[in-house]
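Protein chains in written order, with full-length UniProt numbering: chain A, 1 to 387; chain B, 1 to 329; chain C, 1 to 406. Ideal Cβ positions, reconstructed from N, Cα and C, are used throughout, including at glycine. Okay, structure first, notes after.
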């Protein structure tokens with residue numbers, strides 16, 4: 001067991017493509033860190049550098065406070081679960097799990113004992129004689145886990161281990177992996193592009209984009225206090241609605257001008273955000289989470305000055321709630337995958353609200369939308385950073 | 001542009017055509033639906049029957065006669081030719097040479113061929129160049145390569161022996177193709193030079209199908225390069241191993257042109273390099289002598305059919321055995 | 001069933017043979033020949049004939065010796081053979097006659113101008129099927145005049161001299177003898193001459209009759225001589241192809257070569273400055289140096305030809321003095337009486353060599369037809385010591401079909 005430290009880790013490919021840019025991270029012993037980001041953000045490259053599968057251009061990787069840059073993979077005391085599982089197709093499940101012990105010349109009896117133990121944890125006891133080709137996706141995934149667990153390594157590295165499973169199995173394996181990790185208490189770095197996995201599994205989430213670390217924090221903080229518009233729009237589904245807007249008035253009676261709508265901003269909002277008061281009168285970007293928007297008909301007591309007038313163009317009912325689409329006449333601050341500021345596109349944007357199950361709105365209706373104004377997010381219009 | 005054409009034309013005409021023709025075409029279309037796909041096989045089938053099945057059956061009939069290949073007089077003699085073929089000792093002498101050639105080539109392809117393929121798979125600089133050079137012999141006519149080798153190996157006009165002497169390796173200079181000790185090894189060496197391209201290409205394609213992650217997984221599991229190759233990568237190559245083994249078997253047993261060009265119609269010296277291919281050729285067409293009383297087309301065909309049956313059996317068994325150890329996935 | 005198969009045989013063979021029927025006003029005679037190296041020389045003779053007979057066009061196709069018999073057999077079976085084709089005399093011609101491939105020329109051709117040996121060679125049971133238009137060949141021992149003169153040597157006449165000469169030449173760093181033995185043809189001729197030096201022409205008749213055998217103690221010495229002679233051959237002799245051997249000798253890379261009158265034209269093609277002499281092959285000790293003679297494949301007229309008369313007229317002309325002179329001056333020995341080489345010294349020497357002890361080649365005789373091939377196939381075993389001279393002689397003897405038992 002060990003902590004992992006990345007110091008200014010950088011990977012540059014020939015042709016000056018920088019896949020990982022100055023990445024620094026501290027992962028505590030036994031922690032479950034999720035490295036998340038869109039494809040191509042450098043998260044897998046970072047993982048491979050930690051694993052020793054990819055040469056490091058600059059910076060250091062420390063495992064248990066020891067610089068391991070020059071160590072071969074097999075000397076780093078790590079185990080890795082691959083997206084493809086990378087099971088040895090010609091070996092039985094038993095041999096797949098036992099391979100590392102066989103290489104290490106562990107006595108046969110002990111191998112049998114340890115494989116049996118792992119197989120029991122992973123419910124693979126009945127499949128030990130089978131070849132991977134004859135297993136279901138979930139079983140293969142477990143074998144891959146088993147192969148990692150049996151080594152009792154200092155660090156688990158997982159590279160999108162669930163992305164090859166169907167949705168239902170993914171949900172199930174998600175919790176299983178999280179439970180196993182908690183049981184074995186091994187430092188784990190888990191790479192995924194799936195924000196749900198990031199939110200549900202990790203003790204902390206590190207969000208990357210274009211090789212640059214954007215934010216590291218607990219899932220709740222990442223969600224509730226995104227560091228910039230990119231984090232804000234990446235985490236959460238549907239994405240946060242981002243619009244260009246302006247604050248008018250003063251702290252005590254501030255109004256958000258959002259296109260043709262005006263929303264009253266409670267003073268408490270300024271209390272939490274020291275720099276916000278200075279932005280009164282300036283252009284900002286405002287973020288509205290879909291769940292902070294509700295059918296005003298369900299909230300009769302909601303203040304009248306915290307409502308938007310909207311015309312519903314689409315209602316996607318999920319049973320538990322409704323995804324209601326309505327345009328807002330303010331310029332949309334769109335965060336593309338490439339980035340932030342230059343590419344914030346100004347356009348008439350459709351806003352999505354998550355309305356309660358009892359909402360009766362229909363497409364074509366003009367309604368009032370209740371906005372939880374104390375839960376709005378504010379970002380600098382120029383830098384995209386949270387205020 | 002589409003606006004210019006009258007939009008109704010197609011929509012009006014199409015249904016009419018369909019309605020009109022349907023009743024007449026029902027019977028044929030029923031047959032077509034069931035067996036129509038066979039039409040696509042027909043050209044290939046006709047060609048195959050014309051150039052493979054037909055001549056083979058025809059050969060089978062000839063093998064039941066005593067036709068010499070000269071004139072058109074012959075008698076049916078039943079299975080006499082086959083009976084003679086099975087007790088014809090030059091056939092066994094030649095077949096043993098084929099077996100030696102096969103075993104030697106098998107070892108060569110699965111060692112040197114595999115080794116070169118692994119090196120190329122590391123994507124060295126100029127890999128395309130190496131690959132092209134190594135594969136080149138495969139696409140050059142065997143007769144040309146054989147002829148060039150006879151010139152190079154010749155004790156009188158070749159340059160291999162002079163080069164060896166100039167290098168101070170005169171003791172290695174040999175009468176390569178006429179010395180009984182070196183003749184067959186030399187034929188093997190030329191065959192190897194000529195066909196290593198196959199081994200490389202087949203193994204290389206196999207290697208390129210081995211996922212990088214499999215090797216990475218093995219590295220992380222603690223395996224060194226050697227262990228990773230033999231315990232993880234090589235087993236993935238078993239389809240290549242099977243293909244190459246079977247191809248090598250077939251290739252070495254049907255070899256003719258290279259041997260004929262290198263050591264002549266009599267498998268010189270004294271049949272040390274005689275293979276079934278040259279034996280059958282000699283039996284069918286004569287050994288370039290002035291007198292041709294000893295040639296017999298029907299007996300040669302019987303020999304060829306015996307060899308054909310034997311090769312089919314072995315190739316089938318090889319595939320059967322080797323497939324069993326391939327990965328099921 | 002048999003008719004069907006015959007039809008198929010013909011059909012298949014037909015399909016594999018080139019069809020070259022060109023409609024022309026001229027009478028076209030097609031002719032196949034098995035010495036590509038003589039093409040220009042033969043064309044010169046044919047041109048002469050075409051000048052004299054403007055209505056005749058003779059189309060010559062040269063096919064290398066190795067493929068000639070195969071092609072011709074196939075074409076004959078398919079009925080697509082040329083109007084004129086050469087066939088070895090003796091058993092091969094008899095076969096073709098029996099199959100009805102060739103025109104019986106007995107009453108059509110006047111062979112009175114031929115030498116007696118040529119007449120004998122083409123006569124089968126009193127009938128004639130072919131004409132020896134491109135002469136005959138005699139095989140003896142070629143030697144490089146220059147090498148012999150420079151070293152003060154004379155051509156050997158017997159085994160002892162021959163072997164001693166080999167040692168002398170080897171000591172001087174000269175390859176004594178070029179023998180392209182890959183296909184066994186040269187060793188077979190060597191053995192024929194060695195046997196002939198012991199048995200002479202009469203003894204050869206006795207061998208055919210079965211009263212004398214290759215295994216007889218005196219004839220066995222020929223097998224021993226053959227085995228010993230191997231040590232005189234150039235490096236890698238058993239893998240040296242025929243053409244390479246002839247070229248090596250023409251270029252002076254060896255002092256001696258067993259060769260025929262027909263080879264000389266080829267030497268000149270390779271090296272116009274070649275300077276060689278020719279003598280009978282050295283005898284087994286106590287015997288008489290010998291040569292062997294065979295016919296250059298005499299020409300048959302295809303029974304299916306549409307121009308039999310024209311073809312016969314051509315053959316008749318070819319046996320006259322003018323073409324015969326061209327043959328002996330530019331190609332090989334002629335079989336027409338009274339024609340001597342005008343200035344071809346080598347041909348003159350060859351004729352001279354053939355005077356002492358000349359026998360006919362094995363393969364032209366029905367009794368010894370198979371002997372030539374059997375020697376071809378077993379000479380390498382003898383050279384390498386895989387079989388003893390006694391075993392070799394026995395194998396050869398087993399190939400004889402004595403006339404008494406026929």
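Membership of residue 172 (chain A) in the alpha helix (DSSP H) is indicated by the continuous run 167-184. In the structure shown, residue 93 (chain A) falls within a helical segment according to DSSP collapsed to helix, strand and coil.
Taken through DSSP and simplified to helix, strand or coil, residue 104 (chain A) comes out as coil. Sequence-ordered contacts of the segment 77-101 of chain A with chain B read 78, 79, 80, 82, 84, 86, 88, 89, 90, 99, 100 [C-beta pairs closer than 7 Å]. Minimum Cα-Cα distance from residue 176 (chain C) among the listed residues C:87, C:129, C:249, C:114 corresponds to C:249. Around residue 387 (chain C), the same chain offers 381 as residues with beta carbons nearer than 6 Å, after the five sequence neighbours per side are excluded. At a cut-off of 8 Å between beta-carbon atoms, residue 69 (chain C) makes contact with chain B. Residue 279 (chain C) sits buried, since 16 or more C-beta atoms from the chains shown fall within 10 Å of its C-beta.
Judged by DSSP in its simplified three-state form, residue 214 (chain C) adopts coil rather than helix or strand. At a C-beta separation below 8 Å, residue 77 (chain B) has no neighbours in chain C, since its nearest C-beta there lies roughly 13 Å away. Within the segment 362-384 of chain C, 363, 369, 370, 372, 373, 376, 377, 380, 381, 384 place their CB atoms closer than 7 Å to a CB of chain B, listed in sequence order. DSSP places residue 106 (chain C) outside both helix and strand once states are collapsed to three, so it counts as coil. Less than 8 Å separates the beta-carbon of residue 137 (chain C) from that of residue 261 (chain C). By alpha-carbon distance to residue 281 (chain B), the top candidate from B:212, B:52, B:237, B:94 is B:94. If you look at residue 32 (chain C), you'll find it in the beta strand (DSSP E) that goes 27-33. Apart from the 5 residues on each side of it in sequence, residue 242 (chain C) sits with its Cβ closer than 8 Å to the Cβ of 180, 182, 183, 185, 186 in its chain, given in chain order. Under DSSP, residue 368 (chain A) forms a beta bridge with A:309. Within chain B, the residues 216, 219, 220 have their CB atoms less than 8 Å from the CB of residue 73 (chain A), given in chain order. For residue 268 (chain A), same chain residues with a beta-carbon under 8 Å away, outside a window of 5 residues either side, are 374 in chain order. Taking a Cβ-Cβ cut-off of 7 Å, the neighbours of residue 241 (chain C) in chain B comprise 264, given in sequence order. Within the DSSP secondary-structure output, residue 226 (chain A) pairs in no beta bridge. As summarised for the segment 109-176 of chain B, the continuous alpha helix (DSSP H) elements at least 4 residues long and confined to that stretch are 114-121, 127-139, 142-153, 160-166, given in chain order.
Taking 7 Å as the upper bound on Cβ-Cβ separation, chain B lies near residues 103, 104 of the segment 101-124 of chain A. Along the segment 224-246 of chain B, the positions whose C-beta sits under 9 Å from a C-beta of chain A are 224, 227, 231, 232, 235, 236, 238, read in chain order. Residue 309 (chain A) is positioned such that its CB atom lies no closer than 8 Å to that of residue 187 (chain A). C:299 is the residue among C:299, C:376, C:218, C:35 whose C-alpha sits nearest the C-alpha of residue 92 (chain C).
Taking all protein chains in view, the Cβ of residue 66 (chain A) is surrounded by fewer than 16 other Cβ atoms within 10 Å, so the residue is classified as exposed. Here the C-alpha atom of residue 43 (chain C) lies approximately 24 Å from the C-alpha atom of residue 338 (chain C). Using a 10 angstroms sphere on the CB of residue 167 (chain A), the tally of other CB atoms stays under 16, which defines it as exposed. For residue 372 (chain C), the enclosing alpha helix (DSSP H) begins and ends at 369-384. Considering only A:10, A:15, A:32, the residue with the shortest C-alpha distance to residue 218 (chain A) is A:32. Between the alpha carbons of residue 330 (chain C) and residue 265 (chain C) lies a distance of about 7 Å. In this structure residue 387 (chain A) is not in contact with residue 288 (chain A), their Cβ atoms being roughly 15 Å apart against a cut-off of 8 Å. Nearest in C-alpha terms to residue 17 (chain A), of all of A:41, A:90, A:360, A:264, is A:41. Distances from the CA of residue 169 (chain A) to each of A:140, A:330, A:155, A:148 were compared; the closest alpha carbon is that of A:140. CA-CA distance, residue 225 (chain A) to residue 198 (chain A), rounds to 16 Å.
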